[in-house]
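These notes concern the structure reproduced below.
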Amino acid sequence: MCFEQVTDVVKLSIKQKVTTFYAVIMLLFLLIVMALFYFTLDLQIVHVSHFALESAVKNSFDEIEMPGDWIEISNAFDPYVNDVTLLVYGPEGTKILGHAPQGFPENMPLRSDLHQQYEQSDETWQIYDLYKEYSNENGIWVRGIYSLSNSLKALNRLLIIMLIALPALIIISLIAGYLVTTRAFAPVQQIQKTAELIIQKRDLSNRINLKGNTRDELFKLAKTYDQLLERIEASFENEKQFTSDVSHELRTPVSVIISQAEYGLSQQDPDVMRESLQSILKQSEQISSMISQLLELSRTSHSLSLLKKESFNLAELCHLVADELSEKAQERNIQIIRKIDSEITVFADQILLMRAIINLITNSITYGKDDGFVMIDLQRDNSNVILTISDDGAGIAPEHLDKIFNRFYQVDRSRTRSQSGSSGLGLAMVRQIVEAHEGAVTAQSTLGVGSTFTVTLPQESED
């Protein structure tokens, strides 16, 4: 049974748990406050009674004289002062003046300058006795009696009122706690509804869009959740677009392979069959090249999430890439011109930047003109590093400039494939790498004059 109760508590929602916790804390707080209030008031009543007793008893001696063996009590002597009953006793303890309250024992011993308490049935008294010795070595006792019954009854009535009001206070606390937690956890419900809506409609475009002036942890959580949804939606859209692009790019060579295979099988002439096989081989090589580029793009995308940054000389890297590609450029008698500052250091992923530079220079060599040039310009501009790759090739029309960094985009597909077997992934890879380093890449081109690609990288430090 106990285990089932614990399980039921565990099954409570966070809002219910917080409300329950709040109610328990408020109950304990109210009980502690009531207890402290009760005991403090009780002590205060006793303290007031002590003060009243001492004042009344000590002041009463002003009206009592003992010039000899007899006692003189002034007519101004009042046996009832501020709820204190005064009794006067002779040296032997014989009562001379005053009447004790009903129920108070007459034989209660006298004790000088000492507070006593006596309880009988529903009555409680505070007692204070004081003995004053006169010059003739005789003395007088004065006893003060203060009834606490009325005060204690009032205190008990107050306690009963507080106990009666306690459930109402708890209910009010529960309602207030519930309203506060409901308002505080409203963003959580909105997050839950958004998640359920996404699951039901399979639509990642839904957002929480939490409104309000608060900027608490739940608001930040909702904002982070929206950013996460944007990233996930963008990833799915990129995946869909990537799948569509790959399917589109593979459709043509696969169709050619199928048609050439069917045509070759229907022919008896060996020369015709050879031509079909050559066409099939060419298309297969294009598919193989595309697959290789896709694998490289995939590896690059994975590496972008695990950047291995280090400080290195970017100028030396540019010289290294230029040396490696010089043979490829010489095949078309293209001159690689270098305007590279000798000491430019960056904090970046060296392997990925090398891949980006190789792609840019290879692109300029591929689309440059024979007997032309490719210029590599590396300079420092304030806090940025500017890398510019220029060529004097055929150039790119303005309507294509904003698309050349898209995957699989090619200005002239037939010319591109005949020259390099490229599938339009190189520049897309460059943009990914540069943006992963918080940089930017742009292109400028004029038909018949050439193209210029500019990479801007922040000159970051390890700090």
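Numbered according to the working numbering, the sequence shown terminates at residue 474, and the numbering increases by one at each position without gaps. Glycine included, C-beta positions come from ideal geometry on N, C-alpha and C. Just so you know, these numbers come straight off a predicted model, no measurement behind them.
- Its Cα nearest to that of Asp-382, the residue Arg-343 stands out among Asn-370, Ser-394, Gln-128 and Arg-343.
- When only Cα atoms are considered, Ser-277 and Met-284 end up about 9 angstroms apart.
- Arg-442 carries a helical assignment under DSSP once its states are collapsed to helix, strand and coil.
- With a contact defined as Cβ atoms closer than 8 angstroms, Gly-461 and Asp-402 qualify at about 5 angstroms.
- The shortest C-alpha to C-alpha distance from His-448 to any of Ile-400, Val-396, Gln-455 and Asn-417 is the one to Val-396.
- Distance from the CA atom of Asn-149 to the CA atom of Ser-60, rounded to whole angstroms, is 29 angstroms.
- With contacts defined by Cβ atoms closer than 8 angstroms, Ala-451 and Ile-415 do not form a contacting pair.
- Thr-373 and Leu-325 do not touch by the CB rule: their CB atoms are close to 18 angstroms apart, not below 8 angstroms.
- Excluding its 5 nearest sequence neighbours in each direction, Val-199 has C-beta neighbours in its own chain below 7 angstroms: Leu-229, listed in chain order.
- Straight-line spacing of the CA atoms in Ile-171 and Thr-51 works out to 16 angstroms.
- Contact between Leu-98 and Ala-111 holds, since their C-beta atoms are separated by about 6 angstroms, short of 8 angstroms.
- Residue range 25 to 71 is occupied by the alpha helix (DSSP H) that includes Gln-27.
- His-126 is bridged by DSSP to Tyr-139.
- Judged by DSSP secondary structure, Asp-402 falls outside any alpha helix (DSSP H) and instead within the beta strand (DSSP E) spanning 395 to 402.
- By the C-beta density criterion, Thr-105 is exposed, having fewer than 16 other C-beta atoms within 10 angstroms.
- Three or more Cβ pairs drawn from the region 148 to 164 and the region 119 to 138 lie within less than 8 angstroms of each other, which places the two stretches in contact.
- Contact between the region 113 to 129 and the region 29 to 39 is not established, with fewer than three Cβ pairs separated by less than 8 angstroms.
- Residues of the same chain with a CB within less than 7 angstroms of the CB of Asp-53, apart from the 5 flanking positions on each side, are Leu-166 in chain order.
- Taking a contact to require three or more Cβ pairs closer than 8 angstroms, the region 63 to 78 and the region 199 to 209 do not qualify as touching.
- Taken through DSSP and simplified to helix, strand or coil, Ala-272 comes out as helix.
- Distance from the Cα of Asn-417 is smallest, within the candidate group Gln-443, Leu-141 and Arg-194, for Gln-443.
- Taking each of Leu-221, Ala-333, Arg-366 and Ser-295 in turn and checking the Cα distance to Phe-384, the smallest one comes out for Ala-333.
- Per DSSP, the continuous alpha helix (DSSP H) segment holding Leu-166 begins and ends at 160 to 195.
- Of the residues assessed, Arg-366 falls on the buried side of the cut-off, its CB having 16 or more other CB atoms within 10 angstroms.
- In the assembly as shown, Gln-297 is a buried residue. Its beta-carbon has 16 or more other beta-carbons within 10 Å.
- A buried status is given to Tyr-139, since no fewer than 16 other beta-carbon atoms sit within 10 Å of its beta-carbon.
- Taking every protein chain shown into account, the CB of Tyr-91 has fewer than 16 other CB atoms within 10 angstroms, so this residue is exposed.
- Burial is judged here by how many other beta carbons sit within 10 angstroms of a residue's own beta carbon; Gln-294 has at least 16 and is buried.
- Taking a 10 Å sphere around the C-beta of Gly-114, we find fewer than 16 other C-beta atoms and assign the residue as exposed.
- Remark: C-beta atoms of Gly-155 and Val-95 approach each other more closely than 8 angstroms.
- From the listed residues Lys-380, Val-44, Ser-246 and Ser-255, the smallest Cα separation to Leu-180 is found for Val-44.
- If you ignore the 5 residues before and after Phe-88, its C-beta comes within less than 6 angstroms of the C-beta of Glu-74, all in its own chain and listed in chain order.
- Counted as a single uninterrupted DSSP element, the alpha helix (DSSP H) harbouring Gln-361 occupies residues 361 to 378.
- In the three-state reduction of the DSSP assignment, Leu-97 falls in the strand class.
- Around Ala-272, the same chain offers Ser-287 and Ile-291 as residues with beta carbons nearer than 8 angstroms, after the five sequence neighbours per side are excluded.
- Residues of the same chain with a CB within less than 8 angstroms of the CB of Leu-261, apart from the 5 flanking positions on each side, are Ile-298 and Met-301 in chain order.
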